[in-house]
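Residue 51 in the UniProt record's numbering is what sits at position 51 of the sequence shown, and the numbering runs on without skipping anything.
Heads up, the beta-carbon is just placed ideally off N, CA and C, and yes, glycines get one too.
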Amino acid sequence: MDTAPAPMGSLQHRSCQQPKMGDTWSQLPWPGPPRPAMLLVSLILAAGVMPSDAGTSCPVLCTCHNQVVDCSSQRLFSVPPDLPRDTRNLSLAHNRIAAVPSGYLTCYVELRVLDLRNNSLVELPAGLFLHAKRLAHLDLSYNNLSHVPADMFQAAHGLVHIDLSHNPGLRRVHPRAFQGLAQLRDLDLSYGGLAFLSLEALEGLPGLVTLQIGGNPWVCGCTMEPLLKWLRNRIQRCTADSQLAECRGPPEVEGAPLFSLTEESFKACHLTLTLDDYLFIAFVGFVVSIASVATNFLLGITANCCHRWSKASEEEEV
1 MDTAPAPMGS LQHRSCQQPK MGDTWSQLPW PGPPRPAMLL VSLILAAGVM
51 PSDAGTSCPV LCTCHNQVVD CSSQRLFSVP PDLPRDTRNL SLAHNRIAAV
101 PSGYLTCYVE LRVLDLRNNS LVELPAGLFL HAKRLAHLDL SYNNLSHVPA
151 DMFQAAHGLV HIDLSHNPGL RRVHPRAFQG LAQLRDLDLS YGGLAFLSLE
201 ALEGLPGLVT LQIGGNPWVC GCTMEPLLKW LRNRIQRCTA DSQLAECRGP
251 PEVEGAPLFS LTEESFKACH LTLTLDDYLF IAFVGFVVSI ASVATNFLLG
301 ITANCCHRWS KASEEEEV
């Protein structure tokens with residue numbers, strides 16, 4: 001029974017085995033003694049349908065040249081199912097792709113650059129980059145990502161640049177989101193919905209040089225102090241982004257540039273009480289309690305006296 005081909009969006013983890021030329025020829029019916037004209041036509045057809053050394057032909061609606069596959073601006077709703085095996089630069093930008101199948105990058109171990117900007121991605125499947133060990137540049141900007149989970153870039157230890165900017169729904173970055181990316185130099189988290197970023201998410205990035213975080217609704221409370229202190233000590237240059245990072249709260253620092261906050265701004269976060277302070281507070285509380293009881297007692301006596309005096313006055317009038 002014939003089966004319909006699986007849609008491009010339902011691609012799952014697959015084997016990377018390709019048919020060999022000998023296998024393909026062995027499946028062709030024997031036409032009898034070869035004729036020169038028929039042999040020439042067969043060779044031409046075989047050259048057109050047989051997979052190349054790169055693994056497969058160029059996908060429809062894409063252009064392929066020198067290990068660069070460009071499928072951008074083609075109004076694609078799903079990723080192309082088969083790419084040349086030796087693809088190093090893949091652009092799927094400016095499409096309408098809503099999901100990337102699990103295991104999609106399994107066969108493309110030579111991939112260095114992946115451009116997925118300006119699509120409709122809400123999340124990426126776990127383990128997508130397990131076989132992308134040579135991936136260096138990843139662009140996920142202008143999508144609908146809501147969070148960056150733990151180990152999202154697991155095994156992609158060669159990443160140098162990650163762009164997650166202009167994801168307005170991005171509100172959470174897991175503390176272990178960038179774990180193991182020792183070579184990461186550029187991280188762009190600008191123009192998202194982040195109000196807080198854990199210092200743990202950045203501490204494991206010894207090679208980080210630039211960090212873009214402007215355009216987010218940062219809440220500059222006490223929890224923001226460790227991150228700002230780390231930025232001043234570790235990041236070598238943030239000048240291109242410093243004026244764009246502003247506080248949206250609390251009210252006393254609303255609109256203030258994030259990098260303008262100093263240790264003095266967080267002085268209230270370090271106020272501690274000594275034993276004498278606790279004893280004084282306990283004493284004041286005790287005194288206030290006694291005063292409250294005494295006041296109530298006096299008010300009760302006064303009310304009782306007033307009641308008796310009023311009653312006595314009424315009897316005298318009678």
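Asked	Found
What residue from Val100, Glu110 and Leu61 has the CA that sits closest to residue 363's CA?	Outside the displayed span of the chain (1 to 318) sits residue 363, for which this structure offers no information.
Is Asp186 near Leu164, with beta carbons less than 9 Å apart?	no
DSSP three-state call for His94: helix, strand or coil?	coil
Measuring CB atoms only, is the stretch 199-207 touching the stretch 215-222, in the sense that at least three cross pairs come out at less than 8 Å?	no
Taking the alpha-carbon positions, what's the Val293 to Gly300 distance?	11 Å
Determine which residues share a DSSP beta bridge with Leu212 and list them.	Rather than Leu, the amino acid found at residue 212 in this sequence is Gln. Beta-bridge pairing links Gln212 to Asp188.
Glu254: buried (16+ other C-beta within 10 angstroms of its C-beta) or exposed?	exposed
Assuming Pro226 and Gly192 make a contact with CB atoms under 8 Å, what is their CB distance in whole Å?	Incorrect: roughly 20 Å between the Cβ atoms, too far for contact.
Give the range of the alpha helix (DSSP H) segment to which Leu202 is assigned.	Glu200 to Glu203
Tell me which same chain residues have a C-beta within less than 6 Å of the C-beta of Gly249, skipping the five on either side of it?	Val219
With 16 other CB atoms within 10 Å as the buried threshold, where does Thr87 fall?	buried
Let me check understanding here. Comparing Cα to Cα, which of Ser102, Cys107, Arg112 and Arg117 lies closest to His94?	Arg117
Given a cut-off of 9 Å on the beta-carbon distance, is the pair Ser57 and Pro84 in contact?	yes
What number of angstroms, rounded off, separates the C-alpha of residue 328 from the C-alpha of Val79?	No statement about residue 328 is possible, as the shown extent of the chain runs from 1 to 318 and does not include it.
For Arg96, I'd like the list of residues in its chain whose CB is within less than 8 Å of its CB, leaving aside the five on either flank, ordered along the chain.	Arg75, Leu76, Phe77, Asn119 and Ser120
Apart from the five residues on each side of it in sequence, which residues of its chain come closer than 6 Å, Cβ to Cβ, to Ala136?	Arg112, Gly158 and Val160
Does the distance from the C-beta atom of Asp151 to that of Ala177 stay below 9 Å?	yes
Within 10 Å of its beta-carbon, does Pro149 have 16 or more other beta-carbons around it, so buried, or fewer, so exposed?	exposed
Between Ala156 and the rest of its own chain, which residues show a CB-CB distance below 6 Å, the 5 nearest in sequence each way excluded?	Phe129, Ala132 and Leu135
In three-state terms, what does DSSP make of Arg75?	coil
If you drop the 5 nearest sequence neighbours on each side, which residues of the same chain put their C-beta closer than 8 Å to that of Leu205?	Phe178, Leu181, Ala182, Leu184 and Leu187
Which class does Glu246 belong to by DSSP, given the choice of helix, strand or coil?	strand
Sort Asn144, Ala303 and Leu61 by Cα distance to Ala98 and report the nearest one.	Asn144
Which value, in whole angstroms, describes the spacing of the CA atoms of Ser73 and Ala245?	32 Å
Please check the pair Leu90 and Val69, which I expect to be a contact at CB under 8 Å, by giving their CB distance rounded to whole angstroms.	5 Å
Suppose the cutoff is 7 Å on Cβ atoms and the five residues either side in sequence are ignored; what does the same chain contact list for Leu105 look like?	Leu111, Leu128, Phe129, His131 and Ala132
My guess is that Leu231 and Leu261 are in contact by the Cβ rule of under 8 Å, so how many angstroms apart are they, rounded?	No, Leu231 and Leu261 are not in contact; Cβ-Cβ is about 11 Å, not under 8 Å.
DSSP on Thr223, reduced to helix/strand/coil?	helix
Going by C-alpha distance, which of Cys107, Gly103, Cys71 and Phe259 is nearest Gly214?	Phe259
Excluding sequence positions up to five away, which residues of its chain have a Cβ less than 6 Å from the Cβ of Ala256?	Cys247
Can you give me the start and stop residues for the beta strand (DSSP E) that Asp70 sits inside?	Val68 to Asp70
DSSP three-state label for Arg172, please.	strand
Using the Cα positions of Ile290 and Asn216, report the straight-line distance between them to the nearest angstrom.	52 Å
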